[in-house]
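**Q**
In the working numbering, the protein residues as written are 507 to 1296.
Here is the structure:
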C-alpha cells in the first residue's frame, strides 16, 4: 500500500495532473479494493500530494484513513442521545448533500408546528446567539437530535451503508425505532415533541452525576435514597450516571469523592431517567395512546432491558413510558449486540459521544466509528467515518461524492504488488563459511570474518553482484552500476565492529567500485592493528570474481577510532520552523540528465526544506517492500545515499555535473533499523555536515564532514578490462518452425470400403471409429496453383 502511494505521489507531481474528481472516480471504478486499504481526503492537488507522501512513509495524518478489510460481522447503527447537541449542527451537511437537506426538511415539516419556533433557526444558529442557546432547552434538544439523526441516517443510507441492527441512547432509541419502522414520521415527531415539552415543563432543580465505578458498587450507596435518586444510565463497565433530587446527588457525590473515585456533574436542566420524571408520565401516556405502533423491520436493542427487544414490546405504550423513567442500559445493549454477531458500530449524531463508550465496553476486534466529530467540518467528518468503515471491510458506495462532477476515467499508476519469492536464492548468499574455518560476518554485503592469528587485525570478505544484491542496479553513474560510497562506509563500519563500537575517523574513496552486468566482484575489508593513538587503518579492496589471479584494486582507505559517547540531541520541531519547502518536481529526472541515474530503491528523497543559505532539511525513506529490508545494516546504504541527495540544494562551488562522495570524516551510527530518516545538511566550507534522526527525533547517523567531487566519467578498472575472457556461458535460443497439429474431419456417413477410397494430397489416413470414418488431414506445403481437378 505504501509503495502504491509512492507511485501515485510521483505521478501527481508531474505537471499534467488530472482533475481530482477524475482521480477519485478512477480509483473506485478501475481499481480493485484489496485487503489493505487507504482512503485519502483531498480538497486540492497539494493536499493530495501531501497525503500520498504521508501514506508512503507511514506518517499519521487526518487526511488519510488506513485499515485492513476483513470478513466483517453485522453492522449496528446507534443514535446519540441528549448531551450530543451542538450549535450549528447539520448546517454544513444541509448545504452540501441534497439527500440530507431533503430528509431534514421533511422532518421539520412535521416538527415545526409542534414547537415554539421553526427548528432550523435553532439548529443552524451561530454559537453564542440567543437562538443557539435555545438548543439546550429540552424541547429543542430532543427535537433537534431526532431531526439531525434521521437526516444523517438517510445520508449514510445513500452511501450504501445498511444496518443489521439499530439502537440508541435515550432519545436516540426513539430515532432508531422510527428508522426501523415502528412509527410513521408524523407519529414519531409527535412523540418526540411531546416528550421534550413535558420534560421541560417539569420543575427545575434536579441533578445528574457521572460516577466512574461499576453499577454493582454504586447501587449500595443509593440505599435509602431511591425515592429521590436512581441510576439513570449504565454507559460502561465503570461508567454509571445517577439522577434525582439535588440534595441526594450532592450526598452521593461526597460519598464517592471520599473513596477517591472520579465523579463529574452533568450540565442538565432536569434529572432525566429518575423519580423526578414521574409527574409527566400520565400525560405522556395519553399522547402515546393516540399514536400507532408497528413491529420493527430491523432488530432493535432496548435501553430498558439492555437486550434485543421483542418486536411486539415496541408496540406497547407501557414500554415507551418506562423508557422515560427507567435507566438507560446502554453498555448492556452494546454487549448484547456483540453477542449477536455485531462487530461494527456506527454512531449517528452531531458528534462522537457513544463511540468512546462502545470502545470502553468492548474488547477485541469490535470497530466503533462516528459520523460526526466536534470541531471538524461536517462533510469531511462524515467522509472520514465512511472511510473508516470502508477501510475495515464494510461495503460503501462512494458514488454520491461524485454526483454532478462529470467524472471520467484517467490513467493511474498500476499496482505495486510486493511479490513473494518462491525461487531459490542465488548460490553463495547463505553459504556456511564455518566449515572453512571462518566466522560469519552477519552482514548482507559481507559473508566471512577472520581475526588474523598473532596480529591485532582482521579481514572481512564478501561477494557483490547484481544477482545477489539486485538493488545495487538502481545506482548508475555515467552508465555504469557503481557501488555507492555509502556502501563502502557501511563495509568499513562493520569491519571495525570486530574490535568494538567504532566510528569512521577518515575514509577516502580512491576509485569507484564498478559492478559488471554479469558475474561478481570479490571484496576484502582489512582492518589493521591499533596504533598508540588508538587509530586503526582500514582499506577496501576488490577483485573480479572470475580471475582469482588478478590484481586487487584498492577502492577506499582510511582510519577507524573508538565511538564517541552517545549524543541524544536531535533536530527538534519538525518540519523546522521558518524553513521553506523546496519543489522536488522532476528532481531525479534532472539528476539523470547529469549522469546520476537512480532506480526506485535509491529514489528515497520525499520532501526537502531550505533554511537560509547553508542548511537543508529533508525526509528520506526506503521503499516499504524493498530492497531486502534493513536487517543487518547499520544504516542501509540506499537510505544514507538518499540522505545526501539534497546537497544539490546547498549553494555550490560554481561547478556543474554529477558529484560523488570523496572523503568522509567522523561517521558514526547511533541507532540501527531505521527505514526513514529526517536529515539536516549543513554547508561547512567546502564540505557538508549531516545529522539524521528517526521519526522520534532519536539520532541515527552523523557525518562530521563530507567532501564531494565532480565525477566526469567512470571507467572499468584496468585489471577488470585485462581479465575479460573471450568466452562466456550464455543461452542462445534456437528458432523452431511451429508444427501445426493434425486436423480431423468427421464424415457424416459410413464408407463401405476403405480400400476403394482414392488417395488425395493432404489425407494422411482414413480410419473408422465405432463405424464412423475419420479423415486425419495434414497441412500441405504451398505449391503453385494448379487447375482444379473437380
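In this text, a Cβ means the ideal position worked out from N, Cα and C, and glycines have one as well. None of these values were measured; they are calculated from a predicted model.
For residue 1186 and residue 569, I'd like the C-alpha separation in whole angstroms.
**A** In a straight line, the C-alpha of residue 1186 is about 27 Å away from that of residue 569.
**Q** Buried or exposed: which applies to residue 991, given that a residue is buried once 16 or more other Cβ atoms fall within 10 Å of its Cβ?
**A** buried
**Q** Hey, how far is the Cα of residue 808 from the Cα of residue 613?
**A** Distance between the alpha carbons of residue 808 and residue 613: 24 Å.
**Q** Alpha carbon to alpha carbon, how far is residue 883 from residue 666? Give it in angstroms, no decimals.
**A** 22 Å
**Q** Give the list of continuous beta strand (DSSP E) stretches no shorter than 3 residues that lie fully inside the segment 973–1009.
**A** Here the runs fully enclosed are 981–983, 986–989.
**Q** Under 7 Å Cβ to Cβ from residue 523, same chain only, skipping five residues before and after it: list those, please.
**A** 551
**Q** On the criterion of 16 or more Cβ atoms from any shown chain inside 10 Å, does residue 958 qualify as buried, or is it exposed?
**A** exposed
**Q** Enumerate in chain order the residues of its own chain whose CB-to-CB distance from residue 521 is below 8 Å, with the five nearest sequence positions on each side excluded.
**A** 1091
**Q** Mapping DSSP to helix, strand and coil, what is residue 1043?
**A** strand
**Q** Would you check if the segment 852–872 and the segment 512–519 touch, i.e. whether three or more CB-CB distances between them fall below 8 Å?
**A** The segment 512–519 is not in contact with the segment 852–872.
**Q** Where do the ends of the alpha helix (DSSP H) carrying residue 646 lie?
**A** 644–664
**Q** Please report the distance separating the alpha-carbon of residue 725 from that of residue 799.
**A** 34 Å
**Q** Using a 10 Å radius around the Cβ and a threshold of 16 neighbouring Cβ atoms, would you call residue 541 buried or exposed?
**A** exposed
**Q** Please work out which residues of its chain come closer than 6 Å, Cβ to Cβ, to residue 620, disregarding the five sequence neighbours upstream and downstream, and give them in chain order.
**A** Closer than 6 Å at Cβ, skipping near neighbours: 699.
**Q** Can you have a look at residue 1260 and say buried or exposed, based on whether 16 or more other CB atoms are within 10 angstroms of its CB?
**A** Bear in mind that a pLDDT of 49 at residue 1260, under 50, signals an unreliable position, so the number given afterwards is only what the model happens to contain. The residue in question, residue 1260, is exposed, as its Cβ has fewer than 16 Cβ neighbours within 10 Å.
**Q** Enumerate in chain order the residues of its own chain whose CB-to-CB distance from residue 1106 is below 7 Å, with the five nearest sequence positions on each side excluded.
**A** 980, 1129
**Q** Considering only their Cβ atoms, is the gap separating residue 1170 from residue 1019 smaller than 7 Å?
**A** no
**Q** Going by DSSP, which residues form a beta bridge with residue 1141?
**A** Looking at the DSSP assignment, residue 1141 forms no beta bridge with any residue, so it has no partner.
**Q** Roughly how many angstroms separate the alpha carbons of residue 908 and residue 615, rounded to a whole number?
**A** C-alpha separation (whole angstroms): 29 Å.
**Q** Output the distance between the C-alpha atoms of residue 691 and residue 652, rounded to the nearest integer angstrom.
**A** One alpha carbon belongs to residue 691, the other to residue 652, and they sit about 11 Å apart.
**Q** Report all residues from its chain with a CB closer than 6 Å to the CB of residue 1287; omit the five preceding and five following residues, and keep chain order.
**A** Residue placement at residue 1287 cannot be trusted, given a pLDDT of 49 that sits under 50; what the coordinates show is reported in the next sentence. Around residue 1287: no qualifying Cβ.
**Q** What three-state label does DSSP hand residue 1112 in the structure shown?
**A** strand
**Q** Specify, as a first and last residue, the run of the alpha helix (DSSP H) that residue 616 falls within.
**A** 604–617
**Q** From the DSSP output, in three-state form, read off residue 1168 for me.
**A** strand
**Q** Report the three-state DSSP secondary structure of residue 682 (helix, strand or coil).
**A** Of the three classes helix, strand and coil, the one that applies to residue 682 here is helix, per DSSP.
**Q** Pairs of beta-carbons, one from the segment 850–857 and one from the segment 546–562, closer than 8 Å: are there three or more?
**A** Cβ pair count under 8 Å is below three, so no.
**Q** Rank 1138, 917, 789 by C-alpha distance to the C-alpha of residue 952 and give the top, closest one.
**A** 1138
**Q** Under a Cβ-count criterion, where at least 16 other Cβ atoms within 10 Å of its own Cβ denotes burial, should residue 1115 be classed as buried or exposed?
**A** buried
**Q** By Cβ distance, which residues of its chain are closer than 6 Å to residue 543, with the 5 residues on each side in sequence left out?
**A** Excluding residues within five positions, the ones whose Cβ falls inside 6 Å are 573, 575, 897.
**Q** Distance cutoff 7 Å, beta carbons only. Does residue 681 sit that close to anything in chain B?
**A** You won't find chain B in this structure, because it holds only one protein chain.
**Q** Answer yes or no: the CB of residue 640 versus the heavy atoms of the ligand HEM, is any distance below 6 Å?
**A** The ligand content of the structure shown is nil, which means the ligand HEM is not present either.
**Q** Give me, in chain order, the residues of the same chain whose beta-carbon lies closer than 7 Å to that of residue 763; leave out the 5 immediate sequence neighbours on both sides.
**A** 769
**Q** Need the endpoints of the beta strand (DSSP E) that residue 1121 sits in, please.
**A** 1121–1127
**Q** Among the residues of its own chain, which have a CB less than 7 Å from the CB of residue 717, if the five just before and after it don't count?
**A** 724, 746, 748, 762, 767, 769
**Q** What residue does the beta strand (DSSP E) around residue 1196 start on, and which one ends it?
**A** 1193–1199
**Q** I think residue 706 touches residue 644, with their Cβ atoms under 8 Å apart; what is that distance to the nearest whole Å?
**A** Contact between residue 706 and residue 644 holds, with the beta-carbon distance rounding to 4 Å and staying under 8 Å.
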